[in-house]
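Data first, discussion second: the structure below is written as structure tokens.
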Amino acid sequence: AAFTEGLQFVDGVMYESTGMEGTSWIRKFDLATGAVQAQHDIDRQYFGEGVLVLPDKIISLTWKNQKGFIYDRATLKPTGEFTYQGEGWALTTDGQKIFMSDGTSRIRILDPATLQETGGIDVKMNGRPVDQLNELEFIKGEIWANVFQSDRIVRIDPATGQVNSVVYLANLLSPQDRRNTDVLNGIAYDSAGDRIFVTGKYWPKLFEIKLKDPAAPKPN
50 AAFTEGLQFV DGVMYESTGM EGTSWIRKFD LATGAVQAQH DIDRQYFGEG
100 VLVLPDKIIS LTWKNQKGFI YDRATLKPTG EFTYQGEGWA LTTDGQKIFM
150 SDGTSRIRIL DPATLQETGG IDVKMNGRPV DQLNELEFIK GEIWANVFQS
200 DRIVRIDPAT GQVNSVVYLA NLLSPQDRRN TDVLNGIAYD SAGDRIFVTG
250 KYWPKLFEIK LKDPAAPKPN
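Residues in the sequence shown are numbered from 50 upward in steps of one, following my numbering.
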């Protein structure tokens with residue numbers, strides 16, 4: 050029943066945020082059991098979007114209200130707000146900068162201290178802009194981004210904005226499981242265990258995936 054907007058795995062805990070007015074929330078849960086450890090319901094007037102867990106706080110976006118929220122990491126209780134121009138879709142970080150998507154081909158760069166925009170990355174593949182960039186995750190020096198309304202994740206070089214490769218996930222759900230679901234959305238990386246998790250809006254399952262590089266040499 051989760052219209053997943055943001056997904057992040059930190060210190061053994063999965064954090065998830067959802068959208069839709071009236072049913073948006075931020076939750077942390079145990080990956081092994083699915084047991085909810087804490088949840089904050091966002092005010093019904095807001096359409097919740099991406100979430101980012103930082104060492105001392107959690108920040109989240111709203112879709113069209115040009116407002117983000119700051120929470121206590123332990124309790125999920127609100128502690129502050131911030132503003133931005135345009136739409137808010139998703140967040141990630143490399144540990145130094147915060148990256149924010151807004152549904153276009155440009156990823157904004159935010160200052161972690163002020164949460165104000167300081168620059169941006171124009172994302173292209175084969176010389177053409179890749180728009181509708183949605184949920185984000187920073188994995189091994191790359192920004193991974195769901196492409197809205199598709200079963201693709203693009204892997205972006207943050208220094209150049211070029212798409213290094215594309216991950217195709219069209220057949221993760223069986224036809225039966227795909228009923229009454231929405232698009233692929235949600236990427237989480239377990240850096241300690243080197244594990245990648247993906248899911249989607251209203252998906253009944255969360256998947257751990259491993260990539261097979263088609264260019265890698267085959268074993269003898």
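Cβ coordinates follow ideal geometry from the N, Cα and C atoms, glycine included.
Report task. Mind checking who Ile205 pairs with in its DSSP beta bridge? Result -> Beta-bridge pairing by DSSP links Ile205 to Ile192, Val212.
Report task. Check whether the Cβ atoms of Ile91 and Gly97 lie closer than 8 Å to each other. Result -> Contact: yes.
Query raised in the report: Are at least three pairs of beta-carbons, each pair with one atom in the region 161 to 170 and one in the region 141 to 153, less than 8 Å apart?
Result: Cβ pair count under 8 Å is three or more, so yes.
Query raised in the report: Excluding five sequence neighbours on each side, which residues of the same chain lie with their C-beta closer than 6 Å to the C-beta of Thr141?
Result: If you ignore the 5 residues before and after Thr141, its C-beta comes within less than 6 Å of the C-beta of Phe148, Leu185, Glu186, Phe187, all in its own chain and listed in chain order.
Requested in this report: Can you give me the start and stop residues for the beta strand (DSSP E) that Arg93 sits inside?
Outcome: For Arg93, there is no enclosing beta strand (DSSP E), as DSSP marks it with neither H nor E.
Requested in this report: Starting from Pro127, follow the beta strand (DSSP E) in both directions and report where the run begins and ends.
Outcome: Element bounds for Pro127: 127 to 132.
Query - Length of the line joining the Cα atoms of Ile192 and Pro207 - result: About 6 Å.
Requested in this report: Quick one: give me the first and last residue of the beta strand (DSSP E) that Arg157 is part of.
Outcome: For Arg157, the enclosing beta strand (DSSP E) stretches over residues 155 to 159.
Requested in this report: With DSSP collapsed to three states, give me the class of Arg122.
Outcome: Note: Arg122 maps to coil in three-state DSSP.
Query - Cβ shell of Val62 (< 6 Å), same chain only, five flanking positions each side left out - result: Excluding its 5 nearest sequence neighbours in each direction, Val62 has C-beta neighbours in its own chain below 6 Å: Lys77, listed in chain order.
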